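Chains H and E, in that order, give the protein sequences.
In terms of this note's numbering, the first sequence is residues 140 to 637.
In terms of this note's numbering, the second sequence is residues 2 to 496.
A quick write-up on the structure given underneath.
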Amino acid sequence: MADHILSWMIFFPVIGAAVIAFVPRAKTEVIKTIAAAAAFVPLILAVQLFIQFDRATTDLQFVEHFTWIKTFNIEYFLGVDGLSVPMLLLTALLSFICIIASWKIDKAVKGYFALFLLLEAGMMGVFCALDFFLFYVFWEVMLLPMYFLIGIWGGPRKEYAAIKFFLYTLAGSVLMLLAMIAFYYNVTDPVTGGHTFNMVHMMDQANHTGLLDANNARFMIWMALFLGFAIKVPIFPFHTWLPDAHVEAPTAVSVILAGVLLKMGTYGILRISYPILPDQAAAFMIPMAILGVINILYGAFCAMAQTDMKKLVAYSSVSHMGYVLLGMAAMNEVGINGAVFQMFNHGTITAMMFLCVGVIYDRAHHRDINGFGGLMTQMPLYGSVMSFALFAAIGLPGLSGFVSEAMVFLGSFQTHRTFTIIAALGIVIGAAYVLWMLQRVFLGPKNEKYDTLPDISAREMFTLVPIGIIVLYCGIRPMVVLDLMSTSLNHLVKVVAG
Amino acid sequence: MLNVETLNIPDWSTFRAFIPETVMLGAFLAALLGDILSRRRTWVPFSIVLLACVTSLAYAVAGLDIEAPVSILGQLVVVDGLAAFFRVLFALVATITVLFSWSSEEIMGKTREHKGEYYALIALMTGGMMVMAEARDFVMLYLSLELVSLTSYVMAGYMRGSLRSTEASLKYMIFGAMSSGIMLFGMSLLYALTGSMTFEGVRVALTSGQADPLALLTIIVLILAGLGYKIAMAPFHFWAPDVYEGAPTPIAAFFSVGPKAAGFALLIRFFYTSMQPIVDQVDWPMLVAVLSVITMTWANLAAVRQNNVKRMLAFSSVAHVGYLLMAFLMLTDEGLQAVLFYLLVYSIMNLGAFLFVVAVNNSLKSEHLNDYAGLGFRTPWAAATMVVFLFSLTGLPPTAGFIGKFYLFAEVMQQEWYWLAIVGALNSVVSLFYYMKIVKAMYFTPVEDNAPVVRVPVMHMICLAALAVPTLVLGLSWGWAKALADRAVTVMAGM
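If you want it as structure tokens, here you go:
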């Protein structure tokens, strides 16, 4: 298992799903235990990756390289660098926690956990793949489980949300598919002289021929990729699938959606668009910064207008992904490091918020912000945990969100002064919607209806506490994560900014 | 003075290349006789035809490693890589159709008549399709096309008592006769222009002499009308939804892959042999490109509105013709390989999707989307295979449909038809919507309490699995299947 650590991280959940398929439907406890075990192994491997990862080199590590389809030069090519390791950690952690958080699922248990494990495999694959074809396969493989997870186990408007998510994402990915084919035919493999899907070869500008020599064509390909990734992030105006999907999805699936899937968009831009088309990336700085600012402010204002807690958290994701875009648009070391760190932190913080919303929804069976009041006295422990998550989301110093947002602003202030100043407003609005919600739900006179609500359970605490510790620890000692990625990201900045 | 040499009587060594179709045509006669002699015991013709299908498949597979084209009857028919590939495809499709017809209520129900003849007709049609893939002469083209068409008309009207089935048959025949006539006119013009009845002769004549571009364009349009009808290309596709909906589902399943692939075989052979040299004079690839865009867009948009699964799948099968035409008009070996590979993949997944409809129809007597509610929980394994087929038809990895579409798009991109690739890709997104309508009904819509039990016969389950497994396997390891398609193009006659 030590040799092919990445493959095991991807395929162990698949094995788990296959085993679950043969367990009798009625044995739900067995199914859940298998699922938890199948998600726990990748988590252990992720920790091993974290320990063994060499932080000093820009080289790809843990590489696995085999030929898949010879005639078309498709390779099974996995490897990680400082950009992918934090994402893999996040995926492994959230997947395991979400399986635990799904313990109370009672509808079609077998299908739920099998699909969840397949979803995990797809996500892991995306963050490991270095062959574009393989990347695309993993990217698409995630759609199927996600569609079913929203559509079968979702809320009242699940059907609409599921197909909307699917259509949006597929529209983005077919454009990415065409861009991929364009790369294939216009990149030569320096060793064989043939065409290649190898991303490492694609990143070397010396291998570009044909179409990729023409600026217009490069711009078109950049835009096709950007649209594909923008829908996933989601960048305004392609964000409309997100509130629907997040609200209708069951809690654990919302966590994965916000915590991991959104990161794939920005990961794709940093993994593929930036290094393969650095000139286009540099030329796209201003639009990217503007889109970032729009996301920050628009998301924040929309969040403020929500009365549904889950929808509020969903829109706060739109806002927080804006910071990632702004950091990426900065094109300097602080900015990009901040952006990737923000990706990681947003994953953990949003996961906490969604899990907290799930806790109250399981008890009260609604999420109307105005329908509660004074919950702090009824559920003090829950109130504290939720407040912790919400403060982290605001960017309270000492918690991880602060560090990454500060880095993003530090970076972008150097390149986009005006935009940064406007974007800083987002912090204020962010504090406003979060505190206002906190006030309406937890403070004020107690709502008599909820006199009997039990406080947060041990299982729920078990899902929240580990993330909470990470949020706190990353706030105090951010270098734990920043060390992982800075070498690779600084190298990326050199490539793009020249 | 009669010269025996000029009669071109085939000797045994050349005849050996033609065993698969001979077996099928022989099985037709044997099944008819068997049906009568056994006093209409259906298992007799069924066994004869099934045995013939398997034998034919075995010989067809053995014939795949053909080294050089073999012709008999002069230039009339030829067995080359292309024909060998299509024969395997047809034998495979026929075998599966025969197998799942056996447990289908629509074919074998108590009130049905002439069940034995049904199997005999499948054998006849399969033999006809094989000859279609081998024809390289206008006489043979027309004869084989009509053989398949006439059999189709009869089969579409198999449910004699059903108004829908009879209507389908009549519609099919009127459309078919019309487009055959148009095509014949085109062929006669071409003969007048070139003085040749063979594809090769036409090619030589067109290459050597300068023909009037307008005349050539007229001929191409007329012949496209005839062949376009067979493959259900817009705007000659109107019959398809009605016929597929009206005909018994196993027959519709067969129509949507068999004759369609055979039509493509003819299309490929005729256009790649005879019409390739005149691309400079008449830009017919552009004409086909426009038709391909119309075909897929029209069919996809029409399918979105359907609530009858069979009708939806009928439109979907029209849409796939559009995708196939995209790569067909590239006029390259790679494009042709992509078309052949996609036809193979399409046959498997489309047959699978229709077969699921057959299986459900057995219990529910309905193809309406509303009756599909909760099938994912009422018959979990069969529904799971349907999900595989639908994802594959959409073109999502890790299914064979994705790989097939990938090769189509890759070739279109390489030949720098970017707009065509973009239209095709966006069409895939549209198609997702209606395919997922079926998935939605099966999994997301709650089951009503009084919903009838769905019992999928063992034979159907075996067939579904036999189609779903390759759909998945070819999505992960397709090198060997692609190699077959590549080889078919390499050993193609007259290229």
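The beta-carbon is built from N, C-alpha and C at its ideal position, and this holds for glycine as well.
Just so we're clear, the structure is a prediction, and the values are computed from it rather than from any experiment.
For this session: Go ahead and pull the three-state DSSP assignment for Y159 of chain E.
Result: Locating residue 159 of chain E in the second sequence gives position 158, counting from the first residue. Three-state result, Y159 of chain E: coil.
Exercise. For the beta strand (DSSP E) that contains L214 of chain H, what are its first and last residues?
Worked result: Counting from 1 along the first sequence, the entry for residue 214 of chain H is found at position 75. Rather than Leu, the amino acid found at residue 214 of chain H in this sequence is Glu. From DSSP, the beta strand (DSSP E) with E214 of chain H extends over 213-219.
Exercise. In the region 436-459 of chain E, which residues sit with their C-beta less than 7 Å from some C-beta in chain H, listed in chain order?
Worked result: M437, K441, Y444, F445
For this session: Have a look at K406 of chain E and G396 of chain E and give me their C-alpha separation to the nearest angstrom.
Result: Start at 1 with the first residue of the second sequence, and residue 406 of chain E comes out as number 405. Start at 1 with the first residue of the second sequence, and residue 396 of chain E comes out as number 395. Distance between the alpha carbons of K406 of chain E and G396 of chain E: 6 Å.
For this session: Measure the alpha-carbon distance for N629 of chain H versus A468 of chain H and round it to whole angstroms.
Result: Translated into the one-based positions of the first sequence, residue 629 of chain H becomes position 490. Translated into the one-based positions of the first sequence, residue 468 of chain H becomes position 329. Within the model, the alpha-carbon separation for N629 of chain H versus A468 of chain H is close to 14 Å.
Exercise. Is there at least one Cβ from chain E nearer than 8 Å to A310 of chain H's Cβ?
Worked result: Numbered from its first residue, the first sequence carries residue 310 of chain H at position 171. Closer than 8 Å to some Cβ of chain E, the Cβ of A310 of chain H qualifies, so yes.
Problem set entry | Local Cβ density within 10 Å of D198 of chain H, reported as buried at 16 or more and exposed below that | Residue mapping note: residue 198 of chain H aligns to position 59 of the first sequence, counting from 1. Taking every protein chain shown into account, the CB of D198 of chain H has fewer than 16 other CB atoms within 10 angstroms, so this residue is exposed.
Exercise. Does the region 415-431 of chain H come close enough to the region 273-281 of chain H to have 3 or more Cβ pairs within less than 8 Å?
Worked result: no
Problem set entry | Environment of W361 of chain H [buried if 16+ CB atoms lie within 10 Å] | Locating residue 361 of chain H in the first sequence gives position 222, where the first residue counts as 1. Label assigned to W361 of chain H: buried.
Problem set entry | Below-8 Å beta-carbon distance, G512 of chain H vs any chain E residue | By 1-based counting over the first sequence, the position of residue 512 of chain H is 373. Closer than 8 Å: no.
Exercise. Along the region 394-425 of chain E, what residues have a CB closer than 7 Å to any CB found in chain H?
Worked result: Within the region 394-425 of chain E, the residues whose Cβ lies closer than 7 Å to some Cβ of chain H are L397, P398, P399, F410, A411, M414, Q415, A422, I423, listed in chain order.
Exercise. Under the rule that 16 or more other beta-carbon atoms within 10 Å means buried, what is D1 of chain E, buried or exposed?
Worked result: Residue 1 of chain E lies beyond the range of chain E shown here (2 to 496); nothing can be said about it.
For this session: Compile a chain-ordered list of the residues in the region 207-225 of chain H whose CB is closer than 7 Å to at least one CB of chain E.
Result: Of all residues in the region 207-225 of chain H, only I208, K209, T210 come within less than 7 Å of chain E when Cβ atoms are compared, listed by chain position.
Problem set entry | alpha helix (DSSP H) runs contained entirely in the region 234-280 of chain H, provided each spans 4 or more residues | With a minimum length of 4 residues, the continuous alpha helix (DSSP H) runs that stay inside the region 234-280 of chain H are 248-267, 271-280.
For this session: Just confirm the distance between the C-beta atoms of M493 of chain E and A383 of chain E, as a whole number of angstroms; I'd bet it's less than 8 Å.
Result: The residue given as residue 493 of chain E occupies position 492 in the second sequence. The residue given as residue 383 of chain E occupies position 382 in the second sequence. Actually they do not touch by this definition, with Cβ atoms about 39 Å apart.
For this session: Report the residue ranges of all beta strand (DSSP E) runs contained in full by the region 450-528 of chain H; include only those spanning at least 3 residues, in chain order.
Result: With a minimum length of 3 residues, no continuous beta strand (DSSP E) run stays inside the region 450-528 of chain H.
For this session: Determine the DSSP secondary structure at S317 of chain E, reduced to helix, strand or coil.
Result: Here the question's residue 317 of chain E lines up with position 316 in the second sequence. S317 of chain E: helix per DSSP, three-state reduction.
Problem set entry | Euclidean distance between Cα positions of L365 of chain E and G247 of chain E | One-based indexing of the second sequence puts residue 365 of chain E at position 364. One-based indexing of the second sequence puts residue 247 of chain E at position 246. Roughly 17 Å between the two C-alpha positions.
For this session: For V140 of chain E, I'd like the list of residues in its chain whose CB is within less than 8 Å of its CB, leaving aside the five on either flank, ordered along the chain.
Result: What you label residue 140 of chain E is simply residue 139 of the second sequence in a count that begins at 1. Answer for V140 of chain E: L77, M198, listed in chain order.
Exercise. Sorted by chain position, which residues of the same chain lie with C-beta nearer than 6 Å to Y454 of chain H's C-beta, five sequence neighbours on each side aside?
Worked result: Here the question's residue 454 of chain H lines up with position 315 in the first sequence. Hits under 6 Å: G438, C441, A442.
Exercise. Skipping 5 residues on each side, what residues in its chain have a beta carbon closer than 6 Å to that of K483 of chain E?
Worked result: For the purposes of this step, residue 483 of chain E is taken as residue 482 along the second sequence, with counting starting at 1. The answer, listed in chain order, is F342.
Exercise. Excluding sequence positions up to five away, which residues of its chain have a Cβ less than 7 Å from the Cβ of A303 of chain E?
Worked result: As a working note, residue 303 of chain E is residue 302 in the second sequence. Excluding sequence neighbours, A303 of chain E sits near F316.
Exercise. Buried or exposed: where does K111 of chain E fall if 16 or more other Cβ atoms within 10 Å of its Cβ makes it buried?
Worked result: Taking the second sequence and counting its residues from 1, the one referred to as residue 111 of chain E is at position 110. Under this definition K111 of chain E is an exposed residue.
Exercise. Can you list the beta strand (DSSP E) stretches of 3 or more residues lying completely in the region 385-444 of chain E, in chain order?
Worked result: none
Exercise. Using a C-beta cutoff of 8 Å, does L370 of chain E count as contacting chain H?
Worked result: Against the second sequence, residue 370 of chain E aligns to sequence position 369. So, not an interface residue.
Exercise. Hey, is G336 of chain E's beta-carbon within less than 8 Å of any beta-carbon in chain H?
Worked result: Indexing the second sequence from 1 puts residue 336 of chain E at position 335. Answer no: the Cβ-Cβ gap between G336 of chain E and chain H never drops below 8 Å.
Exercise. Helix, strand or coil for V202 of chain H per DSSP?
Worked result: Along the first sequence, one-based indexing puts residue 202 of chain H at 63. Note: V202 of chain H maps to strand in three-state DSSP.
For this session: Could you tell me whether any Cβ in chain H is nearer than 8 Å to the Cβ of G353 of chain E?
Result: For the purposes of this step, residue 353 of chain E is taken as residue 352 along the second sequence, with counting starting at 1. Under the Cβ criterion of 8 Å, G353 of chain E is not counted among the residues facing chain H.
Exercise. Cβ of V473 of chain H versus every heavy atom of the ligand GTP: is any distance shorter than 7 Å?
Worked result: Ligands in the displayed structure: none, and consequently the ligand GTP is not present.
Problem set entry | C-alpha distance - M262 of chain H paired with S223 of chain H, whole-angstrom precision | As a working mapping, residue 262 of chain H is identified with position 123 in the first sequence. As a working mapping, residue 223 of chain H is identified with position 84 in the first sequence. Cα to Cα, the separation comes out at about 11 Å.
Exercise. Is it buried or exposed for F29 of chain E, if we count other Cβ within 10 angstroms and need 16 for buried?
Worked result: For the purposes of this step, residue 29 of chain E is identified with residue 28 of the second sequence, where counting begins at 1. Using a 10 angstroms sphere on the CB of F29 of chain E, the tally of other CB atoms reaches 16 or more, which defines it as buried.
Problem set entry | Strand pairing of D447 of chain H, partner residues [DSSP] | The residue labelled residue 447 of chain H in the question sits at position 308 within the first sequence. DSSP, once it has assigned bridges, lists H:D507 as partnering D447 of chain H.
Exercise. So, helix, strand or coil for H630 of chain H, using DSSP?
Worked result: Walking along the first sequence from the start, residue 630 of chain H turns up at place 491. Three-state result, H630 of chain H: helix.
For this session: Note down, in chain order, every chain H residue with its Cβ under 7 Å from the Cβ of F357 of chain E.
Result: Locating residue 357 of chain E in the second sequence gives position 356, counting from the first residue. The contacting residues do not exist; F357 of chain E stays about 18 Å from chain H at best.
For this session: Could you name the residues of the region 478-490 of chain E whose beta carbon sits closer than 9 Å to any beta carbon of chain H, in the order they occur along the chain?
Result: S478, W479, G480, K483, A484, D487
Exercise. Which residues in chain H sit within 8 Å of L465 of chain E, going by Cβ to Cβ distance?
Worked result: Mapped onto the second sequence, residue 465 of chain E falls at position 464. Under the 8 Å cutoff, chain H gives no residues; its nearest Cβ is about 16 Å from L465 of chain E.
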